[in-house]
Amino acid sequence: MSVLVVVECDNGEVKKSSLEVASYGSQVAQLLGTTATAIAVGVATEANLAQLGEQGISNVLYDAEPRLKDFVNGAYTKLIAAAAEKEQAQVIVLANSNIGAAVGSRLSIRLKASLATNVVELPKVDGGKFTVRRGAYSGKALADVVLTGDRKIIAVKKNSIEALHNAGQTATVEQFSAQLSDADFADAPKQVVMQEQAGGVLLPEADKVVSGGRGMKGPEHWSLIEDLAKALHAATACSKPVSDADWRPHHEHVGQTGITVSPNLYIACGISGAIQHLAGVNSSKVIVVINKDPEAPFFKAADYGIVGDVFDVLPKLTQAVKELG
Amino acid sequence: MKFLVCISNVPDTTTKITFTPDNKEFNKAGVQFVINPWDEYALTRAIELKEAQGSGTVTVINVGEADTEPNIRKALAIGADDAIRVNAKPTDAFFVAEQIASVAKEGAYDVILMGKESIDYNGFQVHGMVGELLGIPTVAPAMKLDMSGNTATLEREIEGGKEIVEVNTPFVASCQQPMCEPRIPNMRGIMTARTKPLKVVGPVGSGARTEVAEYALPPKKQGVKLIPAESAGELIKLLRNEAKVI
Ligand SMILES: Cc1cc2nc3c(=O)[nH]c(=O)nc-3n(C[C@H](O)[C@H](O)[C@H](O)COP(=O)(O)OP(=O)(O)OC[C@H]3O[C@@H](n4cnc5c(N)ncnc54)[C@H](O)[C@@H]3O)c2cc1C
Ligand SMILES: Cc1cc2nc3c(=O)[nH]c(=O)nc-3n(C[C@H](O)[C@H](O)[C@H](O)COP(=O)(O)OP(=O)(O)OC[C@H]3O[C@@H](n4cnc5c(N)ncnc54)[C@H](O)[C@@H]3O)c2cc1C
């Protein structure tokens, strides 16, 4: 019996969300009186994998098969299933990412496991009863869910678990092969196209986001958003009408019908705060709203607010960030 | 080609969420239910592809009790040819996936489309489960779907980009924008929907693998702290020293 965590790597580095997943897994292992092993996917370096010791991982399995560089649903599922068998894993923890969801849902069938996605807290283990808390109703509710299967798969929502940093701890790194064949790569992508990320920060992974709405008046004013984002090392985002009007690309659109983000800081500039927009951002830790209308509904969901004109306020904020150093 | 489109019956996006007094179930009283917004992309795209091919059928499936029928009829009014309702309370994603997989297998559907996720339970998991139960590929979430013969070309969203994926039928895809412009029913559609076949079948399978013990509302915000626009820079100091997020 053990805990297996799935660690996603990109350009040699372990993704931030996977550091959270590893920390979650090692704490579950502690609760269950066992150890946590990681299986790494994507392009990793041995040094970065060994560093997962800081998140409480004791051993990391890594398959250096070059075709595993990009996500392939069939191959990733088989690899992780093989690692789960090797480790006799009772609990498997992965990120609530597009990769995590695609693999986790297939694995749950293959391993006859209970699956909970969108999980926001460590589990409660009471005798044989294993309960996790997950977000539901687009962030408008939480559900405590009992995982009744012997095996459990948990997909952890980004930014909901603090990553551990036990300085100096290292994990062993073990070569592992799932004996993948050509058939396992049948659904490999023909092409992978990465988007230019404003300021180089990936929106779904970002822990700070600066977002603009129709109040920004037009795409020509987006440098105000980008300057503040750059100063804060934040990603940029937008409301639906903004991407519908092609002021910004679709992948920046957050909300009920866009992507869901849960950063530590979400700064909304000239966004009214419609319920469908809030659904994508309401689990952000701190929400700042800048809007010239004091009655804008977004203020009700905000922690800090400025009633004012974005064209006046944004440059002042950027300046103030730069002065912080 | 035979298309199967999965639709989930969910509270309208503006619904204020409340629960029954024991906090064990969502309180449906006075709530307007709609077709899950993502599923509208799946439905419209299936109809468009069928029209382009000049033949074939679009069947919608819902796992739910009789109160979902108005939205099933709406899907028929939008342009589906027939519908299947698996008469059961959809108790979790696995239970729902087993029903869909069973119907898909029996009807030998070529393309199974669904929404990216249901906005009530936010599982984002039925697609992978159905694909695995049937032993066929799943592409999720897909932003684009084109077909040529038995081969589909899809754009799959990944964090920070997209993948171009090619699969042969049968396959599962979960859909999101900007795949198509979802259609709304017209008068003729509403009239013909009344007489289109809606078959009700019983559930199969081994039951749910999860149980909701309790629902809760997220902790309330403290209330907004307003900073005067003239001293906007103060906000940045508060974010560093008080909220500690920068
Ligand atoms: C089924 C459905 C799904 C939807 N999904 C989404 C979704 O995923 N994401 C989403 O964002 N929306 C979604 N919407 C749309 C949503 O209802 C709102 O229409 C949208 O969020 C409004 O965008 P906005 O706030 O940018 O624009 P507006 O509502 O027009 O708000 C602009 C705001 O800017 C302020 N403003 C104007 N000028 C200035 C200035 N100079 N300085 C400061 N403030 C200024 C105004 O006071 C106003 O509050 C959905 C709607 C439906 C029906
Ligand atoms: C009264 C009531 C109580 C419920 N209680 C629970 C509960 O306690 N626990 C729980 O997990 N779920 C419950 N649900 C079911 C929930 O509505 C979902 O249908 C189901 O759990 C799958 O959700 P998901 O978010 O995992 O699906 P996702 O994986 O997010 O859905 C992806 C896609 O699958 C399709 N799909 C999802 N559900 C259905 C469906 N029912 N019929 C046809 N296609 C579908 C849709 O195309 C959807 O876009 C309840 C529903 C009702 C009406």
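Protein chains in written order, with our numbering: chain A, 10 to 334; chain B, -6 to 239.
C-beta atoms are modelled at their ideal positions from N, C-alpha and C, and glycine is treated no differently.
Everything numeric in this text was worked out from a predicted model, so none of it was measured.
Query	Result
Residue 139 of chain B at chain A interface by Cβ criterion, 9 Å	no
Range of the contiguous alpha helix (DSSP H) that encloses residue 319 of chain A	319 to 333
Proximal residues of chain B, C-beta to C-beta of residue 214 of chain A below 7 Å	152
Any non-hydrogen atom of ligand 2 closer than 8 Å to residue 159 of chain B Cβ	no
Cutoff 6 Å; reference residue 91 of chain B; Cβ partners in own chain excluding five residues on either side	198
Buried versus exposed, by CB contacts within 10 Å (16 or more), residue 209 of chain B	exposed
For residue 12 of chain B and residue 74 of chain B, the rounded distance between their alpha carbons	36 Å
Residue 3 of chain B CB to nearest heavy atom of ligand 2 below 8 Å	yes
Below-9 Å beta-carbon distance, residue 7 of chain A vs any chain B residue	For chain A, the structure presents residues 10 to 334; residue 7 of chain A sits outside this window and is missing.
CB contact flag (residue 35 of chain A, residue 49 of chain A, <9 Å)	no
Between the CA atoms of residue 326 of chain A and residue 214 of chain B - distance to the nearest angstrom	23 Å
4 or more residues per run - each alpha helix (DSSP H) lying fully within the stretch 32 to 118 of chain B	62 to 71, 86 to 100
Contact residues within the stretch 218 to 234 of chain B, judged by C-beta distance below 9 Å to chain A	218, 219, 220, 221, 222, 223, 224, 225, 226, 227, 228, 229, 230, 231, 232, 233
Below-9 Å beta-carbon distance, residue 195 of chain A vs any chain B residue	yes
Identity of the residue in A:111, A:122, A:220 nearest residue 97 of chain A by Cα	A:122
Residue 324 of chain A Cβ short of 8 Å to ligand 4 heavy atom set	Ligand 4 is not part of the structure shown, which contains ligand 1 and ligand 2 as its ligands.
Proximity of residue 163 of chain A and residue 141 of chain A at Cβ, strictly below 9 Å	yes
Residue 300 of chain A Cβ short of 8 Å to ligand 1 heavy atom set	yes
Residues of its chain near residue 183 of chain A, where Cβ-Cβ distance is below 8 Å and the 5 sequence neighbours each way are ignored	68, 69, 70, 71
Cβ pair residue 92 of chain A, residue 187 of chain A closer than 9 Å	yes
For residue 335 of chain A, the three-state DSSP class (helix, strand or coil)	Since the first residue shown for chain A is 10 and the last is 334, residue 335 of chain A is missing from the structure and cannot be characterised.
Check: residue 107 of chain B C-beta below 8 Å from any heavy atom of ligand 2	yes
Given residue 29 of chain A as reference, the closest of A:99, A:306, A:174 once Cα atoms are compared	A:174
Euclidean distance between Cα positions of residue 167 of chain A and residue 290 of chain A	12 Å
Segment contact flag, the stretch 298 to 311 of chain A with the stretch 58 to 69 of chain B, C-beta cutoff 8 Å, min 3 pairs	no
Delimiting residues of the alpha helix (DSSP H) encompassing residue 111 of chain A	107 to 119
Residue environment, residue 177 of chain B, which counts as buried when at least 16 other CB atoms sit within 10 Å	exposed
Chain-ordered neighbours of residue 130 of chain B on chain A, where CB pairs are closer than 9 Å	82, 83, 195, 196
Residue 106 of chain A: CB within 8 Å of a non-hydrogen atom of ligand 2	no
Rounded C-alpha distance that separates residue 101 of chain B from residue 43 of chain B	16 Å
Beta carbon proximity, residue 113 of chain B to chain A, threshold 9 Å	yes
Proximal residues to residue 23 of chain A (C-beta, below 6 Å), its chain only, five neighbours per side dropped	16, 57
CA nearest to the CA of residue 215 of chain A, picked from B:153, B:184, B:168, B:228	B:153
Minimum Cβ-Cβ distance from residue 239 of chain B to chain A less than 9 Å	yes
Minimum C-alpha distance to residue 107 of chain A - residue among B:149, B:222, B:165, B:179	B:149
Residue 236 of chain A and residue 81 of chain A closer than 9 Å at C-beta	no
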